[in-house]
Amino acid sequence: MRATAFVCLLAQGLLASACLTEEELRGFRHNLPILHRRQRAQTNKTNDGTIPRGLGDRFKNGTVAPRGIGSQTGANFTSFYSMDQIQSATLGLVNEFNLTYFELPLKTFENRTMYGLKMPGKAGPTVLLQAGIHARERGGPDHLINFVADLLWAQREGTGLVYGGMSYTAQDVLTALSHGLVVLPLVNPDGVAFDHATNGCWRKNRNPASARPNDTDATTGVDLNRNFASVWDFRKEMAPISDDILSVSDDPESEVFHGTAPLSEPEARNIDWVMDQMPDLRWMADLHSHATQILYAWGHDTNQVRDPSMNLLNRSYDGKRGAVPDDLAKGYVYAEYIEQQRLDRITILSSRVADGMLGAAGRSYTAQISVGLYPTTGVVTDHVMYRSLVDSSKKTADAITIEFGQYNRDALCSFYPTVPMHNFNMMDVGAGLMEFLLEAARLG
Ligand SMILES: [Zn+2]
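Numbering (mature numbering (1 follows the signal peptide of the UniProt record, and there is no 0)) for the sequence shown: -21 to -1, 1 to 423.
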């Protein structure tokens, strides 16, 4: 059985797809039933050549610290981290390196507690790193935890790091750690638990509040990366082009269902709470797969640097956003304001991350504005910027989405990598996050 094909670049249409399968992309373009019905029917088949889930607790209830692929030679990860291992690995780092472990205030629908770790720097913490918001994008939590582990091992031993073709000095390691980091290794625990249990290619969380009673399987869950506040109300704020091209939906059956209100989901509110705890927050990176792209603001429209009044808080532009290119005949003329210097910074940073990921394992990554992938709303990386627009007491912060890895065309779920893919992805993410932290340190 072949995987659902995944389209990263649709020829000259220049629409590309991240985090969605080709069928899902067609689905939300044409308002068709969405894919997971069929995928769920395949649930228990795991012998499709993808990396297996790790068994037992290799970190022995947090008494053994993980170590990544950049701080040791010849490492080969042959399984991905289970739910228990993600938490145990996090605790292993906390115990081995005397970090701060914290829990987030709201429980998930299935009563799980979200957690993170905090690492001191010279200032801050100024950087937030996050993984696991889309459940099926396997490897995100592993790569984030192992990258942090690499930094800490290298710092202790006074050495550098090597990610494939990319090498970093001991001084680079110290610079990368100078920000102070907050790390959220698993921000969709219910969805990931379900995906691990079913191998069902599950993307959303597991909130059934909007599920239709006679169709709960297909209508459970909210796409957490459409549930944040920035342009959440796409029916009002975006041009009425949504069912054709927008990657967001108010249909609970959709893989990109945005929930019932901005931050309606406890996972999203928890992430927003973490940002509140970081008054010096300046940079964020959110790990996804598998489009080999680095995405930066904005998701809902293109950028412009001339007219500060053309911005997402200006209600006179409601109903006009999202047309790319602008539709002059219909009056859909809009681009989001961003300061020139800020745009320059995030563009340069994103390109540097893409170059580093190319250098790791030789796979090409491209940096581009998020809306170039497809117009979307309510994403966490835009929310980081949105927060300082609605509350001027907050410092401005910028964010990127790292879409690591390539689709696995031979898997039942194209987001499940093989063992070699998983190891290449770990190298890519290691180099990408190193470049991200080094450039963020340079920019301040
Ligand atoms: Zn994703």
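For each residue, glycine too, the CB sits at the ideal point set by N, CA and C.
Cβ-heavy atom distance, residue i to ligand 1, below 7 Å
i     : result
C392  : no
H267  : yes
E116  : yes
C(-3) : yes
H113  : yes
N404  : no
N204  : yes
Residue i - partner residues in DSSP beta bridges
i           : result
F81         : G95
W262        : V106 and D377
residue 449 : Since the first residue of the chain shown is -21 and the last is 423, residue 449 is not available in this structure.
N387        : Paired residue(s): none; N387 is not in a bridge.
residue 487 : What the structure shows of the chain is the stretch from -21 to 423, and residue 487 is not part of that stretch, so it cannot be assessed.
E315        : N282
Y147        : L140
E382        : H267 and Q272
L322        : DSSP lists no partner for L322.
V162        : L96 and L108
K86         : T92
Contact set for residue i: own chain, Cβ-Cβ below 8 Å, skip 5 residues either direction
i    : result
A420 : T154, A155, S157 and H158
V284 : Y316, I317, E318, Q319 and L322
Buried or exposed by the 16-neighbour rule on C-beta atoms within 10 Å, applied to residue i
i    : result
N55  : exposed
P304 : exposed
D370 : exposed
T255 : Note that residue 255 corresponds to Asp in the displayed sequence, not to Thr. Exposed: under 16 other Cβ atoms inside 10 Å.
N193 : exposed
N293 : exposed
K299 : buried
S295 : exposed
S372 : exposed
L260 : buried
A114 : buried
E89  : exposed
T92  : exposed
K97  : buried
Whole-Å CB distance - residue i paired with residue j, under 8 Å assumed
i    : j    : result
D229 : R214 : 7 Å
A339 : A410 : 4 Å
I279 : M217 : The sequence given here places His at residue 279; Ile does not occur at that position. At roughly 7 Å, the Cβ-Cβ gap stays under 8 Å, so H279 and M217 are in contact.
S209 : L291 : 7 Å
P168 : M263 : That belief does not hold up - the Cβ atoms of P168 and M263 are roughly 20 Å apart, past 8 Å.
7 Å Cβ shell around residue i - same chain, five flanking residues per side excluded
i    : result
Y344 : T271, Q272, I273, A333, M336 and L337
D202 : R182, K183, E234, V235, F236 and H237
R117 : F59, F394, Y395 and P396
N387 : A(-19), T29, S393, Y395, P396, T397 and M400
Close-in-space but distant-in-sequence residues of the same chain around residue i (CB under 6 Å, 5 per side omitted)
i      : result
K101   : S157
W132   : R46 and S50
L(-12) : Low local confidence applies: a pLDDT of 29 at L(-12) is under 50, so the model's placement there is unreliable, with the coordinate-based value given in what follows. So no residue of the chain qualifies.
N74    : G41
F76    : L131
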